[in-house]
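Chains as they are written, first to last, in the working numbering: chain A, 1 to 231; chain B, 232 to 939. The beta-carbon is built from N, C-alpha and C at its ideal position, and this holds for glycine as well.
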């Protein structure tokens, strides 16, 4: 029964602030673990109370500020899919809004906008992250991979191909997030298991109900990549 | 006139095979542009300011400070904003250069309210009071008193389903752009061809000045037919600013107003003879779909035509967002109420519900023979006879397992669609229609039908859909699309092909009606060696393409499908957590066009069903009139680890194929709630009366002090 509530059990994807200690100890207050701790009764509590508390706790973990930025736009250089882009951005601008509104990289989707659904997943320094909850300034100097970087236009990465072959998508709005979570997972795990897939992709939500196809797609993609099909 | 029909099984090259969806690569590469992804040159970002009250007079709206905020280019006040009837109702919209600027400006719109009385609680009629209730329907068939006198065993219970929302991952919204007096709208819609009329009405411009574009869309489930107030507002903002505007709903707004499946509750009494024969039903039901009470009451009991029935339904009028059609309107609710009541009666009779349902299967009507077939297949796939036990798992330990079943039906008759099929002299071919693909595979099926008709591979045919410039097609609602688009395409393609045959026949020494198009060849049917390649045949058209347009043909499609579902669950009686071990769905839908996408539809329905059965509920707070969970953290959807093992079996072949294609979107989402609720009752020996089957409700049913 250990899997009975995969929502709460999923490993948090909360991004670490740049320069922050990445150790589990430092990251232990995640949105998910915090809410999980409050139990079911929290549904009856105003969400804003919870969020305020969580933000406060998370803020206390941030390293001392090195310099004050904003509120006016500041130049930010982002390395996206191997290419550098220097943009003037208000420090409060999220990585997701920057990708979508400024770079026209719209594969990452805005759905919940609060680090719950995973539709905005991109890979930052090898880790899947919810780009709706990363500030663009915090992504400076890091290696940002979006779905558009997986394969040249007109070609399909083996993971994308596996999603097609196994029909791991319907309306497709969540699909880029699933593909990027899958990419980060398979970069780390060459021999995924069924249970491993459920954990690794547990931070992505689909409304049409494509999980059957997704399960098969991830396992098949791993086999293809093992055989040297990497793009 | 041509004789339209579907090819027999041994002649089908594409129809009914497992074919990957045509737009799959666009989606899984992240390259395709949804409405939300459209970025036009000079585009502004729209944002709405909405009511904080469930019901109030809006006494003053001051936008003067917002208008002076940096980046703001246009402000619009909604015409209905003098009184608001639910939280989240739109009052003001504005457009600014960036999303951040729009958000800042929205905070500077000042609105004063005079609160009015409201009801948002999902209360039973007696508690709601006369002001908030409306008796909707009452009906009696047979003699109910006499029926219950015949009954040797009766069962009484209360069953219900709360309001849930659609939670489309792509929020409602649009991008609007004017060129002179013409409007282009990129919109996430289930009705591309209908948007001209929608914007024409809202803006007072001719429908032929509106082009709606929607090549792909991020989920609708019944909530995206209209342009909505925000569509008109977005066009007005674009007009005022002289620039394109994108305005998508924020997630909280989306969950508050852009989708609500009505609740339904019922007090039921049902009776049968000792051998299980159903004789009488009596139900008082109620539910809320927001401030309006539209449509009639539910047709209880569901499917089983019990000889003596009395039913009464009362609508509860509440200040929550208005109801929208949600995948199989009313059916999941009616199914949960009926199948739960019947399952409880079977338990009282000491019968296996499989035997009890089979005993009464004759009174399900026209589809009873298919139900028998489907029940037996489902029982095999679930290993039902081995897994079923009388109510209450006797196993030691806190984890109890159980199985439950349910049956469902849906009409799914064809909508009115028109297809234009064109064959070009160079051998290329295309089909065009103003339909849409909600992610169900419509584009792929249109391509399959055209390619099958032309005897070509799928990739040889270009499919143009998702734009109102193509021939008009019906809305995609009620599982009506497949019957409309596939028959229109079959007929139009056949007509175009006959025009080609007329040009080619002389060179093959035959008459046009003696020809067929198979395997990339145009050939004489009776003498297949006498033929020429498709490309060479098309060259005989000379300089001009041939084209034909045709509408829906109801002689090659039908309506009325059924399905059986079974669920196997484990329930932790200490924590109240329900876990889905396995679900089986056996489903018919006439002639299956693409087995792969059809199965995906059913898998998806099972998953959506698990989600509404275990997690979904729009939680309203009567104290404040507000929604407590307008976000995806607390409005929960099932994740990949929550859904268990899923098995889908599509009925095909004799008895099904000859019915032609029938809609599949709605039916398989109807039964999961009932099947899962019955499985939980079988596991723990008590009925959890209402969905979702959350730990607190399960513990309450076990008498362990839950909150429900």
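Neighbours of residue 116 of chain A across chain B, judged by C-beta separation under 8 Å: 862, 863 and 864. With 16 or more other Cβ atoms inside 10 Å of its own Cβ, residue 667 of chain B counts as buried.
For residue 270 of chain B, the C-beta contacts it makes with chain A under 9 Å involve 100, 101, 104 and 106, in order along the chain. Rounded to the nearest whole angstrom, the C-alpha separation of residue 411 of chain B and residue 440 of chain B is 10 Å. Of B:534, B:579 and B:617, the smallest CA-CA separation from residue 596 of chain B is found for B:534. Counting only Cβ-Cβ distances below 7 Å, residue 265 of chain B has contacts in chain A at 173, in chain order. Close to chain A, meaning a Cβ-Cβ distance shorter than 9 Å, are the following residues of the segment 815-838 of chain B: 827, 828, 830, 831, 832, 834, 835, 836, 837 and 838. Taking CB atoms only, residue 185 of chain A has no neighbour in chain B less than 8 Å away. Taking a Cβ-Cβ threshold of 7 Å, the residues of chain A close to residue 874 of chain B are 211, in chain order. Residue pairing of residue 395 of chain B in beta bridges, as defined by DSSP: B:492. Note: residue 276 of chain B is bridge-paired with B:327 and B:477 in the DSSP secondary-structure output. Residues of the segment 148-162 of chain A with a C-beta less than 7 Å from any C-beta of chain B: 148, 151, 153, 156 and 160, listed in chain order. Residue contact check for residue 398 of chain B against chain A: a CB pair falls below 8 Å. Counting only residues of its own chain and dropping the five nearest sequence neighbours on each side, residue 617 of chain B has no CB closer than 7 Å to any other CB.
Around the CB of residue 663 of chain B, 16 or more other CB atoms lie within 10 Å, so the residue is classed as buried. At least 8 Å separates the CB of residue 246 of chain B from every CB of chain A.
With respect to the 8 Å criterion, residue 809 of chain B and residue 795 of chain B are not classified as neighbours on the basis of their beta carbons. Beta-bridge partners assigned by DSSP to residue 641 of chain B: B:792.
With respect to chain B, the C-beta atom of residue 112 of chain A has a partner C-beta closer than 8 Å. One thing to note: residue 555 of chain B has its Cβ within 8 Å of the Cβ of residue 397 of chain B. DSSP places residue 721 of chain B in the helix class (H, G or I) of the three-state scheme. Chain-ordered, the chain A residues with CB closer than 8 Å to the CB of residue 262 of chain B read 107, 148 and 153. Separation of residue 644 of chain B and residue 216 of chain A (C-alpha to C-alpha, rounded to the nearest whole angstrom) is 33 Å. Selection B:711, B:303 and B:340 evaluated against residue 326 of chain B yields B:303 as nearest (Cα-Cα). For the C-beta of residue 258 of chain B, the chain A residues within less than 7 Å are, from N- to C-terminus, 169, 172 and 175.
Sequence-ordered contacts of the segment 428-450 of chain B with chain A read 447, 448, 449 and 450 [C-beta pairs closer than 9 Å]. One finds nothing in chain A with a Cβ atom closer than 9 Å to the Cβ of residue 844 of chain B; even the nearest lies about 13 Å away.
Of all residues in the segment 116-140 of chain A, only 116, 117 and 119 come within less than 9 Å of chain B when Cβ atoms are compared, listed by chain position. Rounded to the nearest whole angstrom, the C-alpha separation of residue 695 of chain B and residue 661 of chain B is 7 Å.
Between the C-alpha atoms of residue 496 of chain B and residue 910 of chain B there is a straight-line separation of about 20 Å.
In the three-state DSSP reduction, residue 156 of chain A falls in the coil class, being neither helix nor strand. In this structure, residue 736 of chain B lies away from residue 685 of chain B, with their beta-carbon atoms at least 8 Å apart. In the structure shown, the three-state DSSP call for residue 409 of chain B is strand.
With respect to chain A, the C-beta atom of residue 555 of chain B has no partner C-beta closer than 8 Å.
Closest in C-alpha terms to residue 665 of chain B, from the list B:934, B:408, B:817 and B:422, comes B:422.
Taking 9 Å as the upper bound on Cβ-Cβ separation, chain A lies near residues 668, 669, 670, 671 and 672 of the segment 656-681 of chain B.
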